């Protein structure tokens with residue numbers, strides 16, 4: 001393994017000009033800052049429900065979603081423009097007849113294209129879980145829940161639903177542990193294939209995976225830097241609240257710390273916080289404490305809820321967070337003026353930004369030095385050495401690198417799957433387009449005859465024939 005010392009670190013990455021040591025100042029105000037997750041939750045809660053539905057469709061976009069969205073536009077929007085087209089020279093009945101063709105076409109498109117595309121996607125997913133495809137589309141190391149469930153039901157036909165769910169969770173945990181172990185100890189990904197063989201990730205893909213992971217950590221710190229810059233006013237408000245309402249804040253946070261320590265589930269923590277918030281509503285100077293409790297409540301729900309394998313981590317993180325808040329309550333109890341609060345907060349923000357910049361620059365420099373022979377353990381060693389120089393707690397330096405690589409591998413495979421499935425969807429849609437058009441030409445006249453006989457082409461043809469038969473003949477006119 002590569003020996004990592006200070007000289008090697010300085011050659012692998014650059015700090016701010018002239019380098020820098022650990023800054024000594026007031027503790028980082030983590031209790032007042034907004035993490036990226038909290039900010040996302042806060043923004044999401046303000047978005048109307050119908051927009052959140054559209055956002056979810058967008059985040060899971062694929063050929064099926066595109067078909068549905070296009071069909072909605074075809075069936076609901078297009079008829080309006082056809083019916084009330086002021087530039088058309090055709091009569092109103094003809095425009096109405098044409099307008100009704102759009103929703104019928106939309107329904108047929110959903111039934112035929114989605115009905116045939118969805119099975120192709122299911123086959124595609126099954127083959128990825130089995131290891132039929134190459135490594136870019138191989139999901140044998142992190143199978144989908146539905147596939148694991150089906151596998152466990154086949155292996156345990158008499159098991160109950162609850163038992164199957166436990167088996168699925170245990171299997172997922174084993175898969176994740178195996179993947180991370182191989183990354184830490186062997187610096188490789190051992191793909192499994194449907195024919196029973198295994199194959200290590202290629203050198204090129206391995207290097208790309210490490211670089212992509214380091215780039216994600218760099219982007220996280222870049223976003224964190226911006227986040228710190230934009231929350232300075234909130235930090236001042238919260239610090240002044242701690243100064244002006246010191247005893248009340250201390251009592252509530254100490255009680256909360258005890259409740260978290262004794263909690264058996266996230267639901268118990270959530271119930272206590274909800275009750276405390278309700279008891280504070282309408283009281284003087286309570287808005288900031290309500291906001292503090294709301295932030296903690298969101299943290300409790302962010303990473304796994306009541307799942308047994310994550311509750312301990314959630315509980316520990318919440319306890320650490322409340323402990324830091326109590327530390328700030330103590331610090332600002334000794335501050336005499338609002339101006340002094342502002343000075344301390346601004347100093348803390350500047351120090352945080354410098355440290356996040358140093359962390360960001362570290363990852364930016366490190367990703368340029370990665371080769372096919374660089375091990376995950378070597379990178380983690382460099383991260384640990386760098387972490388000792390800095391004290392910012394929300395930066396990417398505090399993340400486990402092997403876990404981040406595993407996460408990037410899963411995300412990248414999902415992205416590849418999405419891309420290939422969209423391509424398959426396009427070809428399937430094009431292949432069945434002649435069938436869809438033929439079906440529409442057969443169904444639509446019959447649909448109109450049944451539901452709108454006065455507008456149907458058949459009715460118009462009969463009326464035209466009747467008028468022609470009643471018209472005077474040329475001989476009669478003469």
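Residue numbers (the numbering used here): 1 to 478. Backbone N, C-alpha and C fix where the C-beta goes; we use that ideal spot for every residue, glycine too. Quick caveat: nothing in here was measured; it's all calculated off a predicted structure.
Proximity of residue i and residue j at Cβ, strictly below 8 Å
| i | j | result |
| --- | --- | --- |
| residue 207 | residue 377 | no |
| residue 381 | residue 209 | no |
| residue 332 | residue 322 | no |
| residue 113 | residue 429 | yes |
| residue 349 | residue 232 | yes |
| residue 311 | residue 265 | yes |
| residue 124 | residue 370 | no |
| residue 364 | residue 218 | yes |
| residue 440 | residue 111 | no |
| residue 479 | residue 242 | Here the chain covers residues 1 to 478 and nothing more, so residue 479 does not appear. |
| residue 168 | residue 148 | yes |
| residue 213 | residue 404 | yes |
| residue 136 | residue 416 | yes |
| residue 455 | residue 96 | yes |
| residue 276 | residue 293 | yes |
| residue 141 | residue 191 | yes |
| residue 290 | residue 280 | yes |
| residue 102 | residue 143 | no |
| residue 394 | residue 224 | yes |
| residue 104 | residue 450 | no |
| residue 379 | residue 401 | yes |
| residue 116 | residue 432 | yes |
| residue 481 | residue 318 | One cannot answer for residue 481 here, as it falls past the ends of the chain, which runs 1 to 478. |
| residue 396 | residue 227 | no |
| residue 194 | residue 130 | yes |
| residue 288 | residue 238 | yes |
| residue 240 | residue 285 | no |
| residue 320 | residue 297 | no |
| residue 211 | residue 200 | no |
| residue 353 | residue 155 | no |
According to DSSP, residues forming a beta bridge with residue i
| i | result |
| --- | --- |
| residue 190 | 200 |
Limits of the unbroken alpha helix (DSSP H) element including residue i
| i | result |
| --- | --- |
| residue 127 | 115–130 |
| residue 406 | 401–451 |
| residue 87 | Looking at the DSSP string, residue 87 is not in any alpha helix (DSSP H), and its letter there is neither H nor E. |
| residue 159 | Segment: none, residue 159 is in no alpha helix (DSSP H) and carries neither H nor E. |
| residue 100 | 92–109 |
| residue 279 | 266–280 |
| residue 250 | 246–262 |
Residue environment, residue i, which counts as buried when at least 16 other CB atoms sit within 10 Å
| i | result |
| --- | --- |
| residue 121 | buried |
| residue 368 | exposed |
| residue 163 | exposed |
| residue 61 | The predicted model places residue 61 with a pLDDT of 45, which falls under 50 and marks its position as unreliable, so this point remains unresolved. |
| residue 427 | exposed |
| residue 79 | buried |
| residue 295 | buried |
| residue 81 | exposed |
| residue 128 | buried |
| residue 261 | exposed |
| residue 345 | buried |
| residue 138 | buried |
| residue 435 | exposed |
| residue 247 | exposed |
| residue 77 | exposed |
| residue 249 | buried |
| residue 170 | exposed |
| residue 186 | exposed |
| residue 251 | exposed |
| residue 182 | buried |
| residue 72 | exposed |
| residue 373 | exposed |
| residue 386 | buried |
| residue 413 | buried |
| residue 216 | buried |
| residue 177 | exposed |
| query | What residue ranges within the region 308–395 form continuous alpha helix (DSSP H) runs of no fewer than 4 residues, ordered along the chain? | reply | 308–332, 338–366, 376–387
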